[in-house]
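All remarks here apply to the structure that follows.
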Amino acid sequence: MLSVIILAGGKSSRMGRDKALILIDGVPLIAHVCNVARKLSENIYIVTKLRSQGDSLENPCYRDYLPPHIQYIYEQEQAGPLVAFAQALPEIKTEWVLLLACDLPNLCSDILRKWQEELIHVDHNAIAALVKVEKGWEPLCGFYRQSAVESLKKFIAQGGRSFQGWLQQNQVHELTIDAGNRQMFFNCNTPEDLQWWMESPENSGSKNEKSLPLQ
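Rendered as structure tokens:
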């Protein structure tokens, strides 16, 4: 069994607007990420900063594109993705959870499924299964054991706020990906990022994923 956590909190300060609501082929980014995630599990949690009835959880973009069974976790403090993940992880009841950022337009379910099948071979001491690139681990598109929650809470209690810092203290199983597929990790942090993606014919991940019915 697998659960999914999608991080959609934070300020989106570099983008200047809520990244989750950016339209890709007429569909909000968060709906695209959720649609891909549903091909692995229907047990999906979205961590969001939105709280009041007037906020975007009541926006038609969410109602029209996200299935009603999605569970929302409200971010208690905007202290970065690691803290948001630590808030959501105790809610997970499955052994493994897939952690995703909300702004991954090239997300591919076939690659995620391949990695999911590899989880049965991961050493029991490993807290996560992630891809490693030149800058370090890719923490916001990979798998974590629910049992890592105590290690994570301890790291944060000691002042840690970096995924890389936490992962360096623990055993991590390295997943592989072909160089040509690394565009899957591209995320839209700035208007320039979004413009580049929209104009690039190579970045067509959203067009390759068929939508599932809302139910």
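Just so we're aligned: 184 in numbering that gives the first Met the number 0 is position 185 of the sequence shown, and the numbers increase by one with no gaps anywhere. Virtual Cβ for every residue (Gly too), placed ideally from N, Cα, C.
Less than 9 Å separating the beta-carbons of residue i and residue j?
| i | j | result |
| --- | --- | --- |
| LEU106 | LEU98 | no |
| ALA85 | VAL3 | no |
| CYS142 | VAL96 | Residue identity differs from the one stated: residue 142 is Phe in this sequence, not Cys. Cβ distance < 9 Å, so PHE142 and VAL96 count as in contact. |
| LEU88 | LEU129 | no |
| MET70 | GLU90 | First, the amino acid is wrong: residue 70 is Gln here, not Met. Yes. |
| LEU139 | LEU6 | yes |
| VAL121 | HIS68 | no |
| THR47 | TYR64 | no |
| ILE45 | CYS101 | yes |
| ARG112 | LYS38 | yes |
Would you grab the beta carbon distance between residue i and residue j for me? Rounded to a whole angstrom, and I think it's under 8 Å.
| i | j | result |
| --- | --- | --- |
| ALA36 | ILE43 | 6 Å |
| GLU137 | PHE185 | Going by Cβ atoms, the distance from GLU137 to PHE185 rounds to 11 Å, so no, they are not a contact pair. |
| CYS187 | PRO104 | 7 Å |
| ILE126 | ARG144 | 5 Å |
Using the three-state DSSP reduction, which class does residue i fall into: helix, strand or coil?
| i | result |
| --- | --- |
| GLN86 | helix |
| ALA19 | helix |
| ARG144 | strand |
| SER199 | coil |
| HIS172 | strand |
| ILE155 | helix |
| ILE119 | helix |
| GLU91 | Per the sequence presented here, residue 91 reads as Ile, with Glu not at that position. Three-state DSSP puts ILE91 in coil, outside helix and strand. |
| PRO80 | helix |
| ALA7 | strand |
| LYS113 | helix |
| GLN70 | strand |
Report the partner residues of residue i according to the DSSP bridge assignment.
| i | result |
| --- | --- |
| SER2 | VAL96 |
| GLY135 | VAL132 |
| PRO27 | LEU22 |
Could you tell me which of the options sits nearest to residue i, measuring between CA atoms?
| i | options | result |
| --- | --- | --- |
| ASP164 | THR175, TYR73, SER150 and ASP177 | Here the sequence assigns Gly to residue 164, which means Asp is not the residue at that position. Per the Cα distances, SER150. |
| ALA78 | GLU117, PHE185 and ALA156 | ALA156 |
| GLY179 | PRO190, ILE110, LYS92 and ASN124 | ILE110 |
| HIS123 | ASP192, GLU76 and ASN169 | ASN169 |
| ILE176 | VAL132, GLY8, VAL26 and GLU116 | VAL132 |
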